[in-house]
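Each remark here refers to the structure printed beneath this line.
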């Protein structure tokens with residue numbers, strides 16, 4: 251019964267806001283060509299857990315989070331993968347790299363693997379003219395924490411579930 255009362259109150263409250271008022275305009279972005287190591291250092295330096303990924307032309311091309319980094323770093327090659335890598339590096343005539351050397355290459359992959367390789371290319375975003383209620387529904391339906399706001403295809407802000415909740419609680 252309480253939910254029936256709360257929902258209209260929250261909807262009424264949110265109807266007084268535009269996305270511009272609730273979104274953060276100072277969005278930290280990462281570039282698709284950065285190494286995973288560079289990305290990890292960026293997350294630590296800025297105390298963030300995720301960021302939109304942009305191409306050299308400024309186009310929003312993906313999103314990457316600390317979960318993507320952890321997934322990448324925890325991926326150890328299996329014995330089958332090591333055998334395939336050894337065959338690839340050694341060629342048909344033998345010689346080449348040992349499994350230890352191949353493991354070493356794998357361990358340094360964070361320096362050479364790019365953000366583009368680990369990011370999620372499906373970007374969930376809304377246009378700046380979208381209502382706050384519709385933005386909230388997009389967040390809930392997609393089970394996401396941050397929703398990117400665009401204007402003519404370019405990133406102009408981000409709205410977060412926590413930011414919306416804080417606004418509702420402070421009203």
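Numbering (my numbering), first residue to last: 251 to 421. All residues carry an ideal CB built from backbone N, CA and C; glycine is no exception. Please read all numbers here as calculations on a predicted model, not as lab measurements.
Anticipated Cβ contact below 8 Å, residue i with residue j, distance rounded
{"i": "residue 418", "j": "residue 260", "result": "6 Å"}
{"i": "residue 289", "j": "residue 365", "result": "5 Å"}
{"i": "residue 411", "j": "residue 389", "result": "5 Å"}
{"i": "residue 272", "j": "residue 394", "result": "Wrong, their Cβ atoms sit about 16 Å apart, outside the cutoff."}
Nearest candidate by alpha-carbon position, reference residue i, set the options
{"i": "residue 377", "options": "305, 395 and 405", "result": "405"}
{"i": "residue 265", "options": "394, 400, 381 and 387", "result": "381"}
{"i": "residue 399", "options": "267, 258 and 310", "result": "310"}
{"i": "residue 403", "options": "383, 392, 379 and 416", "result": "379"}
{"i": "residue 285", "options": "322, 292, 363 and 291", "result": "363"}
Contacting residues, own chain, Cβ-Cβ under 7 Å from residue i (five flanking each side not counted)
{"i": "residue 278", "result": "296, 298 and 301"}
{"i": "residue 396", "result": "300, 408 and 410"}
{"i": "residue 308", "result": "404"}
{"i": "residue 385", "result": "269, 376, 397 and 409"}
Cβ neighbour criterion (16 or more within 10 Å) applied to residue i
{"i": "residue 318", "result": "buried"}
{"i": "residue 257", "result": "exposed"}
{"i": "residue 320", "result": "exposed"}
{"i": "residue 305", "result": "exposed"}
{"i": "residue 269", "result": "buried"}
Same chain, Cβ closer than 6 Å to residue i, five either side skipped, listed in chain order
{"i": "residue 275", "result": "407"}
{"i": "residue 375", "result": "398 and 400"}
{"i": "residue 262", "result": "none"}
{"i": "residue 267", "result": "382"}
Chain-order list of residues whose beta-carbon lies under 8 Å from that of residue i (same chain, five-residue window excluded)
{"i": "residue 303", "result": "279, 280, 281, 282, 310, 311, 312, 313, 314, 365, 366 and 369"}
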